[in-house]
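J.: Numbers given in my numbering equal positions in the sequence shown, counted from 1, plus 395.
Glycine is no exception: its CB is placed at the ideal position from the N, C-alpha and C atoms.
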Amino acid sequence: REVGTDGKLGGQADVRGVGGVWKDLTDNVNFMAGNLTSQVRNIAEVTTAVQQGDLSKKITVDVRGEILELKNTINTMVDQLNAFAKEVTRVAREVGTDGKLGGQAKVEGVAGTWKDLTDNVNTMASNLTDQVRGIARVVTAVANGDLRGKLTLEAKGEIAELADTINSMTDTLAVFAEQVTTVAREVGAEGRLGGQANVPGAAGTWRDLTDNVNQLSATLTTQVRAIAEVATAVTKGDLTRSIGVDAKGEVANLKDNINEMIGNLRDTTEKNQEQDWLKTNLTRFTRMLQGQRDPMTVSKMILSELAPLVQAEHGVFYGMVSANGRPAHLALQAGYAYKQRRNVPMEFMLGEGLVGQCALEKKRIVVTNVPRDYIKISSALGESGPVNIIVLPVLFEGEVRAVVELASFQPFSPTHIDFLDQLAESIGIVLNTIEANSRTEDLLKQSQSLATELQSQQDQLQHTNEELAEKARQLAEQNAEIEQRRMEVESAKGLVEEKAEQLALTSRYKSEFLANMSHELRTPLNSLLILAQELAANPDGNLLPKQIEYATIIRSSGTDLLKLINDILDLSKIESGTVALDITNWPIGELKPMLERTFRHVAEATKLGFAIDLRSGLPESIPTDPQRLQQILNNLLSNAFKFTEKGKVEFVAEMASSGWSPSNDGLNRASQVIAFRVIDTGIGIPLDKQHSIFEPFLQADGSTSRKYGGTGLGLSICRELTRLLGGDIRIQSEPGVGSIFTVYLPLIAPAKRRLAPAEPLEMREPALVGAGGSAPWQAVSAESNGGSPAGDAVKTLLVVEDDPVQQRYIEDLMTAADVSTVAVSSGDEALELLARERFDCVVLDLGLPGMSGWRVIEELQANKTLGSTPLLVYTARDLTRKEELKLGKAAKSIVIKDARSPERLKQEISAILHGGEADDADDETEASMNGSDPANIALAGRKVLVVDDDIRNIFALTAMLERQQMEVVSVDSGQEALELLHEPNDIDLALVDVMMPEMDGYETMSRMRELSSFGARPIIALTAKAMKGDREKCIEAGASDYIAKPVNNAHLLSMLRSWLVK
396 REVGTDGKLG
406 GQADVRGVGG
416 VWKDLTDNVN
426 FMAGNLTSQV
436 RNIAEVTTAV
446 QQGDLSKKIT
456 VDVRGEILEL
466 KNTINTMVDQ
476 LNAFAKEVTR
486 VAREVGTDGK
496 LGGQAKVEGV
506 AGTWKDLTDN
516 VNTMASNLTD
526 QVRGIARVVT
536 AVANGDLRGK
546 LTLEAKGEIA
556 ELADTINSMT
566 DTLAVFAEQV
576 TTVAREVGAE
586 GRLGGQANVP
596 GAAGTWRDLT
606 DNVNQLSATL
616 TTQVRAIAEV
626 ATAVTKGDLT
636 RSIGVDAKGE
646 VANLKDNINE
656 MIGNLRDTTE
666 KNQEQDWLKT
676 NLTRFTRMLQ
686 GQRDPMTVSK
696 MILSELAPLV
706 QAEHGVFYGM
716 VSANGRPAHL
726 ALQAGYAYKQ
736 RRNVPMEFML
746 GEGLVGQCAL
756 EKKRIVVTNV
766 PRDYIKISSA
776 LGESGPVNII
786 VLPVLFEGEV
796 RAVVELASFQ
806 PFSPTHIDFL
816 DQLAESIGIV
826 LNTIEANSRT
836 EDLLKQSQSL
846 ATELQSQQDQ
856 LQHTNEELAE
866 KARQLAEQNA
876 EIEQRRMEVE
886 SAKGLVEEKA
896 EQLALTSRYK
906 SEFLANMSHE
916 LRTPLNSLLI
926 LAQELAANPD
936 GNLLPKQIEY
946 ATIIRSSGTD
956 LLKLINDILD
966 LSKIESGTVA
976 LDITNWPIGE
986 LKPMLERTFR
996 HVAEATKLGF
1006 AIDLRSGLPE
1016 SIPTDPQRLQ
1026 QILNNLLSNA
1036 FKFTEKGKVE
1046 FVAEMASSGW
1056 SPSNDGLNRA
1066 SQVIAFRVID
1076 TGIGIPLDKQ
1086 HSIFEPFLQA
1096 DGSTSRKYGG
1106 TGLGLSICRE
1116 LTRLLGGDIR
1126 IQSEPGVGSI
1136 FTVYLPLIAP
1146 AKRRLAPAEP
1156 LEMREPALVG
1166 AGGSAPWQAV
1176 SAESNGGSPA
1186 GDAVKTLLVV
1196 EDDPVQQRYI
1206 EDLMTAADVS
1216 TVAVSSGDEA
1226 LELLARERFD
1236 CVVLDLGLPG
1246 MSGWRVIEEL
1256 QANKTLGSTP
1266 LLVYTARDLT
1276 RKEELKLGKA
1286 AKSIVIKDAR
1296 SPERLKQEIS
1306 AILHGGEADD
1316 ADDETEASMN
1326 GSDPANIALA
1336 GRKVLVVDDD
1346 IRNIFALTAM
1356 LERQQMEVVS
1366 VDSGQEALEL
1376 LHEPNDIDLA
1386 LVDVMMPEMD
1396 GYETMSRMRE
1406 LSSFGARPII
1416 ALTAKAMKGD
1426 REKCIEAGAS
1436 DYIAKPVNNA
1446 HLLSMLRSWL
1456 VK
């Protein structure tokens, strides 16, 4: 009952005391109950696990029969349930969790309900897959910008609502995109402003986006149209407009920048208009005043044009006058609408009234709010007082030339005041030019008057000489009247000496006049340069090419002449002691800007480095003459750039404690010394040339092949100006490395003094005579003929020569009837003889025993009487440039002893003794030069090669030779000449300049002789030197003959005929 009915398992039958069959039956019943209990409990355990979801349990009890079938059935059921659960779980996980759509559950061997469940799960998974994939396709298209897709799947319920929502969203996005794209294209690409987006049904964020796009379009439209409107106005010249639209950020910055640009354009346009007005009117006044020579006319022209131009209704012009011994004062010269009044003076002293105060202060005076009763500007209809008065000083180089006063009914504008200031400078230049021209005319008249007086005195002197000759003859004939005649002779002699002194005084006046005239030469020379430049520019196009070339050469030569005049003038003023210092405290800070302005463009043009270093410790200002200091530094820097081809030029200013010459007491005593150094990486200067470069007209490279030109005056001027400032100039240089020039100046003001003038000497250029040239004839002063009063008297010649053979040779050379020769062997004898007797000429050898020829010259110069005797130096030694210059101050001529010198010596002595007898060669020059000379027929058609590096020389020679119907071929270097002659040619003769850069004339002629294409045709050397051995050197180099510069045209033509006929 417990097992079968009550279901209570585990029960056992307990029958005590049984045995046998009942014992076996009891045991069997108990065994059956035990088996059933274990089997049922195992089945219950498995079914309970299945019910709890645990499909891992199996029935493991050992059974048989139907129980075994039940066991197998249950275990099979558990396996199928486990497989079904795993497949459903997998499909749910893939679809719901992993997002893997399209999965299907596969359960083998299921049927019935389990089969239906499996099919339902698979149907659900398939439907979800189709729906989700459809939604994903549409959403992906939207994300990719494709708004044409629609969701068309079959769905119900919430899925159907979702599909409708997605389709509605897609339509709204398509409309929004189309509208925004249209607005963006119209505004951004097509430039059509004012477009608006219209999206029906848009709400929320989409509505906000639509409104924002429309607001952006409207804002851009307003801003761009405002900017375009203002820009259009600006392009049409209307600079009064500005952009007033509201903007922020970068558009606000753009608006502000455009408005600022318009403002700047407006200011610049106004300034340009003002400058154009200024320049146009300044140019008009300059042209109007050109060529005027009368100050009164100029002042009237100025006021008549100036007053209306600056809207002045009243004006006066006062000119600076200093005449009749009165001090400088201002006198009325012209007026505009001016009415003479008793209380208005015609003249003002400096400091008197506004006019005089303006002249005294040299500054403009402007008076505003003028009282009504101050002055009246009147017309035929009425009168009234001005509002503004302006008083202007007219200056030139800091000196007052005139004062202009103008009155106006309205204030003078800044432009008018600026114009008046600039015009005042131009008026000062015009007034100074007029004054300079007037002074030049006066000086010319004085010069002509002096020349006339000199000629008259010379005529009187000649007449006196004739009277003396007559009296001398009468003394020989009338012994009885000898005493009376002697007194007359002494009286006449005193008259002659008095006249000679007057001539010397006249000569000194003439020298001073010429020195002053050298200043005045620069003004007309400047005009010459300007006009030559205008002609060369040929603005009217009416000049021939040859005429333009003429004008170009005139300008080039004039520029060279102007520089040479300036240098010679500076040097002559320094040496004559006429340079005065103007010592001021000059700010050292002005040095760097001044040098930058002057030399920065030079450095850039020559591609050289240029540095200016003002070292620490320098004072704020130095006591010096700024003009002279700048002249020194400019000369040194100009030389540095000239002789530096690569590298750099550096300028250094610093304090110094040593480095100058120990003999410079001024620097030694100075408590502080400043040093200015000019450092370059140029060609450098050899040690043996470093002293000579400071001598006038000397250069480190004076050879015929020198590369750099120049007069050699710059460093001489620097040295003398440095000495004048109490300083010293030193040089450190190494060839190929560079040079350092240092100027040391004491920081104490040098005395305001002038250089002590040198002893006055008659400055003559020595007539150097070598083998192939002769000196020009020279006039002889009255003192030169003092020993021979009569024109036809015997001339006396003193020969100072220690060689007896040379003495006799010169005596034999001058055996003419009108020459008496006396020879001595020493300088002492010569001085003793000269002290007792008068000679018409002295021939002096430099190499004398005892007292040298140099010492004799010094003694002659120290003695005023003996120093007037004409001197000819006859020597065999080679002279340096310094020796040439020294002899040139004392000697009439210098003859170098060589094989051809006797003929030249005779010519030079004759020139001195018979200075009035001119050579007849010049009378033939005109006929020879214009081609009328029949001898020139030999030159016609001949071809000449001219080799010269100076285009001006080529031009001059070509013009002269072409007038002789000769054909001229020119080159400017030796290398080009060799290249031309290397090929077969028909050149008949070559003219070769000795001094050329790179390849000089000697090398050129030597290499020309080596060319078979040129052969033995004539070569004539052109040289500016005439020293001993020049002819031999030219002949050795291959020249057929040579001629010295400056070339005598007639001599050259004669030489050409000679060689071409040969």
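If you reduce the DSSP assignment to three classes, tell me which class Lys643 lands in.
T.: Lys643 falls in the coil class under three-state DSSP.
J.: Taking the alpha-carbon positions, what's the Leu909 to Gln852 distance?
T.: Residue placement at Leu909 cannot be trusted, given a pLDDT of 45 that sits under 50; what the coordinates show is reported in the next sentence. Between Leu909 and Gln852, the C-alpha separation is close to 20 Å.
J.: Can you have a look at Ile349 and say buried or exposed, based on whether 16 or more other CB atoms are within 10 angstroms of its CB?
T.: Beyond the ends of the chain as shown, which are 396 and 1457, falls residue 349; an answer cannot be given.
J.: Is any heavy atom of the ligand FAD found at a distance shorter than 7 Å from the C-beta of Gly730?
T.: You won't find the ligand FAD in this model; it holds no ligand whatsoever.
J.: In the structure shown, what three-state DSSP assignment does Ser451 receive?
T.: The answer is coil: DSSP assigns Ser451 none of H, G, I, E or B.
J.: Could you tell me the alpha carbon to alpha carbon distance between Ala621 and Trp672, rounded to whole angstroms?
T.: Each residue's alpha carbon lies about 35 Å from the other.
J.: Exposed or buried, Gly746, counting other C-beta atoms within 10 Å across all chains shown (16 or more means buried)?
T.: By the neighbour-count rule (16 or more Cβ atoms within 10 Å), Gly746 is not buried but exposed.
J.: Rounded to whole angstroms, how far is the Cβ of Leu725 from the Cβ of Lys757, which I believe are closer than 8 Å?
T.: Contact flag wrong, Cβ pair sits at about 13 Å.
J.: For the segment 660-669 and the segment 637-645, state whether three or more C-beta atom pairs, one from each stretch, are separated by less than 8 Å.
T.: Flag = no, the segment 660-669 and the segment 637-645 do not touch.
J.: Could you pull out every residue in the same chain whose Cβ sits closer than 8 Å to the Cβ of Ile829, ignoring the five residues on either side in sequence?
T.: Counting only Cβ-Cβ distances below 8 Å, and skipping sequence neighbours, we find Gln687, Arg688, Asp689, Pro690, Val693.
J.: Would you mind stating whether Val750 and Val798 have Cβ atoms separated by less than 8 Å?
T.: Yes; because the gap between Cβ atoms is below 8 Å, this pair is in contact.
J.: From this set, Asn430, Gly1131, Asn654, Val1194, which residue's C-alpha is nearest Leu1228's C-alpha?
T.: Among Asn430, Gly1131, Asn654, Val1194, the Cα nearest to that of Leu1228 is on Val1194.
J.: Look at Lys452 and Val483 and say whether their C-beta atoms are less than 8 Å apart.
T.: No.
J.: Leaving out the 5 sequence neighbours to the left and right, which residues in its chain are closer than 7 Å to Leu1458 when beta-carbon positions are compared?
T.: The requested residue 1458 is not part of the displayed model; the chain covers only 396 to 1457.
J.: By the three-class DSSP mapping on this structure, what secondary structure does Tyr1269 have?
T.: It is a strand residue.
J.: Which one of Leu1116, Leu1108, Gln841 has the shortest CA to CA distance from Gln1022?
T.: Considering only alpha carbons, the answer is Leu1116.
J.: Evaluate Met1390 with the Cβ neighbour count: other Cβ atoms within 10 Å of its Cβ, from every protein chain shown; 16 or more gives buried, anything less gives exposed.
T.: Classification for Met1390: buried.
J.: Where do the ends of the beta strand (DSSP E) carrying Arg796 lie?
T.: Segment 794-803, the beta strand (DSSP E) holding Arg796.
J.: Within this structure, are the beta carbons of Thr993 and Asn1029 separated by less than 8 Å?
T.: Contact flag set, yes.
J.: Assign Glu1178 to one of two classes, buried (16 or more other C-beta atoms within 10 Å of its C-beta) or exposed (fewer than that).
T.: With a pLDDT of 34 at Glu1178, under the threshold of 50, the modelled position of that residue is not reliable, and no figure is offered here.
J.: Checking 8 Å against the spacing of the C-beta atoms, do Val1387 and Val1339 come in under that value?
T.: Their beta carbons are not under 8 Å apart, which means Val1387 does not touch Val1339 by this criterion.
J.: In terms of alpha-carbon separation, which member of Ser1066, Phe1046, Phe1350, Gln1127 lies closest to Asp1083?
T.: Ranking Ser1066, Phe1046, Phe1350, Gln1127 by Cα distance to Asp1083 puts Gln1127 first.
J.: Leaving aside the five residues before and after Trp417 along the sequence, list all residues of the same chain whose C-beta is less than 7 Å from its C-beta, in chain order.
T.: So the qualifying residues of the chain are Val410.
J.: Excluding the 5 residues flanking Asp1315 on each side, which residues of the same chain have their C-beta closer than 6 Å to its C-beta?
T.: Residue placement at Asp1315 cannot be trusted, given a pLDDT of 41 that sits under 50; the coordinates are not used to answer.
J.: What's the call for Leu660, buried or exposed, on a 16-neighbour Cβ count within 10 Å?
T.: Leu660 should be labelled exposed.
J.: Evaluate Phe1071 with the Cβ neighbour count: other Cβ atoms within 10 Å of its Cβ, from every protein chain shown; 16 or more gives buried, anything less gives exposed.
T.: Per the 10 Å Cβ criterion, buried.
J.: Using C-beta distances below 7 Å, list every residue in its chain close to Ser1098, excluding the 5 sequence neighbours before and after it, in chain order.
T.: Caution applies to Ser1098, whose pLDDT of 46 falls short of 50 and renders its modelled position unreliable; the value that the coordinates give is listed next. Counting only Cβ-Cβ distances below 7 Å, and skipping sequence neighbours, we find nothing.
J.: Let me know the secondary structure DSSP gives Glu549 once reduced to three states.
T.: Looking at Glu549 - three-state DSSP - the assignment turns out to be coil, as it is neither helix nor strand.
J.: Taking 8 Å as the cut-off, does the segment 461-476 touch the segment 484-496 (at least 3 CB pairs, one atom from each stretch)?
T.: Taking 8 Å as the limit for Cβ pairs, the verdict is that the segment 461-476 does not touch the segment 484-496.
J.: Taking the beta strand (DSSP E) that Val1363 falls in, what are its first and last residues?
T.: Its beta strand (DSSP E) spans residues 1362-1366.
J.: Could you tell me the alpha carbon to alpha carbon distance between Ala536 and Asn607, rounded to whole angstroms?
T.: Cα-Cα distance, rounded: 26 Å.
J.: Is the segment 1030-1046 close to the segment 1001-1012, with three or more CB pairs under 8 Å?
T.: Contact between the segment 1030-1046 and the segment 1001-1012 is present, because at least three Cβ pairs lie under 8 Å.
J.: Would you check if the segment 703-712 and the segment 837-853 touch, i.e. whether three or more CB-CB distances between them fall below 8 Å?
T.: Because the criterion of three Cβ pairs below 8 Å is not met, the segment 837-853 and the segment 703-712 do not touch.
J.: By the three-class DSSP mapping on this structure, what secondary structure does Pro1413 have?
T.: Coil at Pro1413, not helix or strand.
J.: Between which two residues does the alpha helix (DSSP H) carrying Ala538 extend?
T.: Taken as a continuous stretch (DSSP letters only), the alpha helix (DSSP H) holding Ala538 covers 508-538.
J.: Gly1248 and Asp1240: beta carbons closer than 8 Å?
T.: Result yes, Cβ atoms of Gly1248 and Asp1240 sit closer than 8 Å.
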